Amino acid sequence: MIIELKNTTTREVASELLRARRNVGSASGMVLTLLVVSDEDHRDDALQAARASATAHPSRVIVVTYADGTPQLDAQIQVGEGIPGDMLALTMRGELAEHAGSVLLPLLLPDSPTIVWWPHDAPDHPSQDPVGKLADRRITDAASAADPQEALIARARNHTPGDTDLTWTRLTRWRALLAAALDQYPHTVTGALVRSAPDNAPALLLMAWLEERLGVEVKNEECTQAGVSEVRLTTKTGDIVINRGQSDSIALYNVPGQPERKVALRRRPLTDLLTEELQRMDADDVFEAAVGRILKMKDA
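In the working numbering, the protein residues as written are 718 to 1017.
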(Lines of atoms letter the chains of each structure in order from A and count residues from 1; the text may use other names and numbers.)
(Lines give C-alpha, C1' and ligand atoms only; values in the text may rest on other atoms or scores of the structure.)
Protein backbone atom coordinates (compact mmCIF):
# COMPACT_ATOMS: atom_id res chain seq x y z
CA MET A 1 0.00 0.00 0.00
CA ILE A 2 1.29 3.44 -0.97
CA ILE A 3 -0.20 6.65 0.41
CA GLU A 4 0.71 10.09 -0.94
CA LEU A 5 0.25 13.13 1.29
CA LYS A 6 0.81 16.71 0.09
CA ASN A 7 1.18 19.73 2.35
CA THR A 8 0.62 17.51 5.36
CA THR A 9 1.55 17.45 9.05
CA THR A 10 3.43 15.03 11.27
CA ARG A 11 0.17 14.19 13.03
CA GLU A 12 -1.52 13.26 9.75
CA VAL A 13 1.48 11.19 8.63
CA ALA A 14 1.47 9.24 11.91
CA SER A 15 -2.29 8.70 11.68
CA GLU A 16 -2.17 7.50 8.07
CA LEU A 17 0.76 5.22 8.85
CA LEU A 18 -1.14 3.57 11.69
CA ARG A 19 -4.23 3.14 9.49
CA ALA A 20 -2.18 1.64 6.67
CA ARG A 21 -0.52 -0.86 8.98
CA ARG A 22 -3.91 -1.97 10.27
CA ASN A 23 -5.33 -2.33 6.76
CA VAL A 24 -2.53 -4.55 5.48
CA GLY A 25 -2.17 -6.46 8.73
CA SER A 26 1.47 -5.48 9.03
CA ALA A 27 3.11 -7.25 11.95
CA SER A 28 5.15 -5.48 14.57
CA GLY A 29 8.66 -6.61 15.43
CA MET A 30 10.59 -3.73 13.92
CA VAL A 31 13.90 -3.39 15.73
CA LEU A 32 14.99 0.16 14.91
CA THR A 33 14.26 3.42 13.14
CA LEU A 34 16.62 4.31 10.29
CA LEU A 35 16.65 7.97 9.29
CA VAL A 36 18.22 8.57 5.88
CA VAL A 37 19.04 12.20 5.08
CA SER A 38 19.65 12.56 1.35
CA ASP A 39 19.40 15.05 -1.46
CA GLU A 40 17.00 14.51 -4.36
CA ASP A 41 19.74 13.32 -6.74
CA HIS A 42 20.76 10.40 -4.51
CA ARG A 43 17.46 9.64 -2.77
CA ASP A 44 16.49 6.63 -4.91
CA ASP A 45 19.86 4.89 -4.42
CA ALA A 46 19.74 5.54 -0.68
CA LEU A 47 16.18 4.26 -0.46
CA GLN A 48 17.09 1.10 -2.34
CA ALA A 49 20.04 0.38 -0.03
CA ALA A 50 17.96 1.08 3.08
CA ARG A 51 15.15 -1.14 1.85
CA ALA A 52 17.53 -4.02 1.12
CA SER A 53 19.19 -3.65 4.53
CA ALA A 54 15.78 -3.75 6.21
CA THR A 55 15.47 -7.36 5.05
CA ALA A 56 18.06 -8.28 7.69
CA HIS A 57 16.87 -5.66 10.18
CA PRO A 58 13.09 -5.01 10.02
CA SER A 59 12.93 -1.26 10.45
CA ARG A 60 10.98 1.90 10.08
CA VAL A 61 12.93 3.64 7.34
CA ILE A 62 12.36 7.38 7.01
CA VAL A 63 14.06 9.06 4.05
CA VAL A 64 14.33 12.82 4.53
CA THR A 65 14.92 15.17 1.61
CA TYR A 66 15.23 18.94 1.88
CA ALA A 67 13.97 21.17 -0.93
CA ASP A 68 13.51 24.86 -1.64
CA GLY A 69 10.13 26.57 -1.61
CA THR A 70 7.37 27.58 0.74
CA PRO A 71 7.51 25.69 4.06
CA GLN A 72 5.65 22.46 3.46
CA LEU A 73 5.81 18.75 4.32
CA ASP A 74 5.08 16.15 1.65
CA ALA A 75 5.06 12.44 2.48
CA GLN A 76 4.85 9.05 0.86
CA ILE A 77 3.99 6.08 3.09
CA GLN A 78 4.62 2.52 1.97
CA VAL A 79 3.71 -0.59 3.97
CA GLY A 80 3.14 -4.19 2.99
CA GLU A 81 4.15 -5.36 -0.50
CA GLY A 82 6.98 -7.45 0.89
CA ILE A 83 8.56 -4.58 2.82
CA PRO A 84 9.91 -5.81 6.20
CA GLY A 85 8.76 -2.73 8.08
CA ASP A 86 7.62 0.77 7.16
CA MET A 87 8.99 3.05 4.45
CA LEU A 88 8.39 6.79 4.65
CA ALA A 89 9.73 9.38 2.22
CA LEU A 90 9.45 12.92 3.59
CA THR A 91 10.21 16.10 1.68
CA MET A 92 10.70 19.15 3.88
CA ARG A 93 10.51 22.40 1.96
CA GLY A 94 11.79 25.81 2.88
CA GLU A 95 12.26 26.78 6.51
CA LEU A 96 10.64 23.54 7.68
CA ALA A 97 14.06 21.91 7.28
CA GLU A 98 15.32 24.00 10.20
CA HIS A 99 12.85 22.13 12.43
CA ALA A 100 13.55 18.64 11.08
CA GLY A 101 14.13 17.19 14.53
CA SER A 102 10.71 18.29 15.78
CA VAL A 103 9.03 16.96 12.62
CA LEU A 104 10.68 13.55 12.89
CA LEU A 105 10.50 12.93 16.63
CA PRO A 106 6.83 11.76 16.73
CA LEU A 107 7.52 9.30 13.89
CA LEU A 108 10.32 7.38 15.62
CA LEU A 109 9.62 3.90 16.95
CA PRO A 110 9.35 4.00 20.75
CA ASP A 111 11.71 2.00 22.96
CA SER A 112 14.06 1.06 20.13
CA PRO A 113 17.29 2.49 18.72
CA THR A 114 17.36 5.28 16.17
CA ILE A 115 20.13 5.42 13.57
CA VAL A 116 20.71 8.27 11.14
CA TRP A 117 22.60 7.79 7.89
CA TRP A 118 23.87 10.54 5.61
CA PRO A 119 24.75 8.79 2.30
CA HIS A 120 26.41 11.89 0.85
CA ASP A 121 26.61 15.40 2.27
CA ALA A 122 26.97 14.87 6.01
CA PRO A 123 27.41 17.59 8.64
CA ASP A 124 30.91 18.11 10.01
CA HIS A 125 29.55 17.54 13.53
CA PRO A 126 26.89 14.79 13.17
CA SER A 127 25.94 14.58 16.85
CA GLN A 128 25.08 18.30 16.90
CA ASP A 129 22.92 18.17 13.78
CA PRO A 130 19.16 18.52 14.48
CA VAL A 131 18.51 15.05 13.05
CA GLY A 132 21.72 13.61 14.48
CA LYS A 133 20.59 14.60 17.97
CA LEU A 134 17.69 12.14 17.65
CA ALA A 135 19.96 9.17 17.02
CA ASP A 136 21.81 6.61 19.10
CA ARG A 137 24.20 6.02 16.20
CA ARG A 138 25.19 8.24 13.29
CA ILE A 139 26.57 6.87 10.01
CA THR A 140 28.42 9.06 7.51
CA ASP A 141 30.43 8.31 4.37
CA ALA A 142 33.50 10.46 3.86
CA ALA A 143 34.25 8.63 0.60
CA SER A 144 31.27 10.37 -1.02
CA ALA A 145 32.53 13.88 -0.19
CA ALA A 146 34.23 16.18 -2.69
CA ASP A 147 37.43 15.89 -0.62
CA PRO A 148 37.20 12.48 1.10
CA GLN A 149 40.25 12.76 3.34
CA GLU A 150 39.37 16.26 4.53
CA ALA A 151 35.84 15.06 5.27
CA LEU A 152 37.26 12.18 7.31
CA ILE A 153 39.55 14.55 9.21
CA ALA A 154 36.56 16.78 9.99
CA ARG A 155 34.64 13.76 11.32
CA ALA A 156 37.67 12.78 13.41
CA ARG A 157 37.93 16.28 14.85
CA ASN A 158 34.27 16.29 15.89
CA HIS A 159 33.91 12.60 16.76
CA THR A 160 31.36 11.67 19.40
CA PRO A 161 30.80 8.10 20.70
CA GLY A 162 28.11 6.60 18.47
CA ASP A 163 29.55 8.13 15.28
CA THR A 164 30.91 5.89 12.54
CA ASP A 165 31.77 6.17 8.87
CA LEU A 166 31.39 3.72 6.00
CA THR A 167 35.08 4.16 5.20
CA TRP A 168 35.63 2.04 8.32
CA THR A 169 33.14 -0.58 7.19
CA ARG A 170 34.87 -0.84 3.83
CA LEU A 171 37.99 -1.91 5.74
CA THR A 172 36.39 -4.75 7.71
CA ARG A 173 37.83 -7.52 5.54
CA TRP A 174 41.23 -5.82 5.21
CA ARG A 175 41.48 -5.52 9.00
CA ALA A 176 40.42 -9.14 9.50
CA LEU A 177 43.05 -10.42 7.06
CA LEU A 178 45.81 -8.29 8.56
CA ALA A 179 44.90 -9.33 12.10
CA ALA A 180 44.92 -12.98 11.04
CA ALA A 181 48.31 -12.56 9.37
CA LEU A 182 49.79 -11.02 12.50
CA ASP A 183 48.39 -13.84 14.61
CA GLN A 184 49.75 -16.40 12.16
CA TYR A 185 53.15 -14.72 11.93
CA PRO A 186 53.75 -13.03 15.31
CA HIS A 187 56.93 -11.14 14.48
CA THR A 188 57.64 -7.52 15.32
CA VAL A 189 56.54 -5.17 12.53
CA THR A 190 59.14 -2.47 11.87
CA GLY A 191 57.35 -0.56 9.13
CA ALA A 192 54.23 -0.53 6.98
CA LEU A 193 53.04 0.69 3.59
CA VAL A 194 49.54 1.25 2.23
CA ARG A 195 49.16 1.64 -1.55
CA SER A 196 46.00 3.39 -2.68
CA ALA A 197 44.36 5.80 -5.06
CA PRO A 198 45.11 9.48 -4.32
CA ASP A 199 43.06 11.15 -1.55
CA ASN A 200 41.51 7.84 -0.55
CA ALA A 201 39.68 8.10 2.78
CA PRO A 202 39.71 4.36 3.64
CA ALA A 203 43.49 4.34 3.06
CA LEU A 204 43.98 7.17 5.56
CA LEU A 205 41.84 5.38 8.11
CA LEU A 206 43.63 2.07 7.52
CA MET A 207 46.99 3.78 8.04
CA ALA A 208 45.72 5.28 11.29
CA TRP A 209 44.45 1.90 12.51
CA LEU A 210 47.78 0.24 11.71
CA GLU A 211 49.77 2.98 13.45
CA GLU A 212 47.52 2.71 16.51
CA ARG A 213 47.81 -1.08 16.61
CA LEU A 214 51.47 -1.55 15.66
CA GLY A 215 53.11 1.61 16.98
CA VAL A 216 55.07 2.18 13.75
CA GLU A 217 54.96 4.83 11.06
CA VAL A 218 52.80 3.82 8.11
CA LYS A 219 53.64 5.29 4.72
CA ASN A 220 51.27 5.84 1.81
CA GLU A 221 52.15 5.25 -1.82
CA GLU A 222 49.71 6.46 -4.47
CA CYS A 223 48.81 4.22 -7.41
CA THR A 224 46.37 4.14 -10.31
CA GLN A 225 44.15 1.36 -8.94
CA ALA A 226 40.89 2.28 -7.25
CA GLY A 227 40.68 2.31 -3.48
CA VAL A 228 43.21 0.43 -1.36
CA SER A 229 45.23 -1.98 -3.49
CA GLU A 230 48.01 -3.25 -1.21
CA VAL A 231 49.18 -3.36 2.40
CA ARG A 232 52.76 -4.36 3.23
CA LEU A 233 54.00 -4.99 6.77
CA THR A 234 57.77 -5.22 7.12
CA THR A 235 59.47 -7.57 9.59
CA LYS A 236 63.12 -8.59 9.99
CA THR A 237 62.49 -11.92 8.31
CA GLY A 238 60.27 -10.79 5.44
CA ASP A 239 57.15 -8.87 4.47
CA ILE A 240 53.52 -9.69 5.10
CA VAL A 241 51.70 -8.58 1.92
CA ILE A 242 48.05 -8.42 0.93
CA ASN A 243 47.76 -7.27 -2.68
CA ARG A 244 44.40 -6.84 -4.40
CA GLY A 245 45.87 -5.08 -7.42
CA GLN A 246 43.20 -4.45 -10.04
CA SER A 247 40.86 -7.19 -8.87
CA ASP A 248 37.48 -6.37 -7.35
CA SER A 249 37.18 -9.63 -5.45
CA ILE A 250 40.48 -11.51 -4.97
CA ALA A 251 43.78 -10.61 -3.28
CA LEU A 252 47.15 -12.33 -3.08
CA TYR A 253 48.11 -13.16 0.51
CA ASN A 254 51.79 -13.57 1.39
CA VAL A 255 53.28 -14.50 4.76
CA PRO A 256 57.02 -15.25 5.12
CA GLY A 257 57.83 -18.93 4.91
CA GLN A 258 54.52 -19.94 3.35
CA PRO A 259 53.33 -20.25 -0.26
CA GLU A 260 51.35 -17.40 -1.75
CA ARG A 261 47.61 -17.96 -1.74
CA LYS A 262 44.48 -16.24 -2.92
CA VAL A 263 41.90 -14.85 -0.50
CA ALA A 264 38.48 -13.28 -0.97
CA LEU A 265 38.61 -9.50 -0.74
CA ARG A 266 35.74 -8.11 -2.76
CA ARG A 267 34.64 -4.52 -3.04
CA ARG A 268 31.41 -4.56 -1.09
CA PRO A 269 28.21 -2.92 -2.32
CA LEU A 270 26.56 -0.17 -0.32
CA THR A 271 23.81 -2.49 0.91
CA ASP A 272 26.37 -4.80 2.56
CA LEU A 273 28.09 -1.88 4.28
CA LEU A 274 24.85 -0.49 5.66
CA THR A 275 23.62 -3.92 6.78
CA GLU A 276 26.84 -4.45 8.74
CA GLU A 277 26.57 -1.09 10.47
CA LEU A 278 22.96 -1.73 11.47
CA GLN A 279 24.13 -4.78 13.42
CA ARG A 280 26.03 -2.62 15.88
CA MET A 281 24.27 -0.42 18.41
CA ASP A 282 27.12 0.35 20.82
CA ALA A 283 30.00 2.76 20.36
CA ASP A 284 33.00 1.42 18.41
CA ASP A 285 36.08 1.99 20.58
CA VAL A 286 38.49 0.71 17.91
CA PHE A 287 37.11 3.15 15.33
CA GLU A 288 37.31 5.94 17.89
CA ALA A 289 40.98 5.16 18.52
CA ALA A 290 41.69 5.09 14.78
CA VAL A 291 40.12 8.49 14.08
CA GLY A 292 41.94 9.86 17.10
CA ARG A 293 45.19 8.66 15.53
CA ILE A 294 44.30 10.53 12.33
CA LEU A 295 44.42 13.80 14.25
CA LYS A 296 47.83 12.90 15.70
CA MET A 297 49.12 12.02 12.23
CA LYS A 298 47.93 15.32 10.77
CA ASP A 299 49.30 17.34 13.69
CA ALA A 300 52.72 15.66 13.49
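Beta carbons: idealized from backbone N, C-alpha and C, even for Gly.
All of these numbers come straight from a predicted model, not from anything done at the bench.
{"query": "Under 8 Å between the Cβ atoms of leucine 749 and leucine 821?", "result": "no"}
{"query": "Is serine 966 helix, strand or coil when you go by DSSP?", "result": "coil"}
{"query": "Within 10 angstroms of the Cβ of glutamate 812, are there 16 or more other Cβ atoms? Answer buried if so, exposed if not.", "result": "exposed"}
{"query": "Excluding five sequence neighbours on each side, which residues of the same chain lie with their C-beta closer than 6 Å to the C-beta of arginine 985?", "result": "none"}
{"query": "What residue range is occupied by the uninterrupted alpha helix (DSSP H) comprising isoleucine 870?", "result": "865–874"}
{"query": "Would you say isoleucine 720 lies against chain B (beta-carbon separation less than 8 Å)?", "result": "In the structure shown, chain B does not exist; there is a single protein chain."}
{"query": "Please go through the region 758–826 and give each complete alpha helix (DSSP H) segment of 4 or more residues, from N-terminal end onward.", "result": "760–770 and 817–821"}
{"query": "Does the distance from the CB of arginine 810 to the CB of aspartate 785 come in under 8 Å?", "result": "yes"}
{"query": "Where alanine 860 and alanine 871 are concerned, what is the direct C-alpha to C-alpha distance, given to the nearest angstrom?", "result": "13 Å"}
{"query": "Give the DSSP bridge partners of isoleucine 1035, in chain order.", "result": "Outside the displayed span of the chain (718 to 1017) sits residue 1035, for which this structure offers no information."}
{"query": "Please name the residue or residues paired with threonine 831 in a DSSP beta bridge.", "result": "Thr750"}
{"query": "Based on DSSP bridge pairs, tell me the residues matched to lysine 936.", "result": "Leu910"}
{"query": "Count the C-beta pairs between the region 988–997 and the region 941–961 that are closer than 8 Å, then say yes if the count reaches three, no if not.", "result": "no"}
{"query": "So glutamate 947 is in the beta strand (DSSP E); what residue range does that whole segment cover?", "result": "945–952"}
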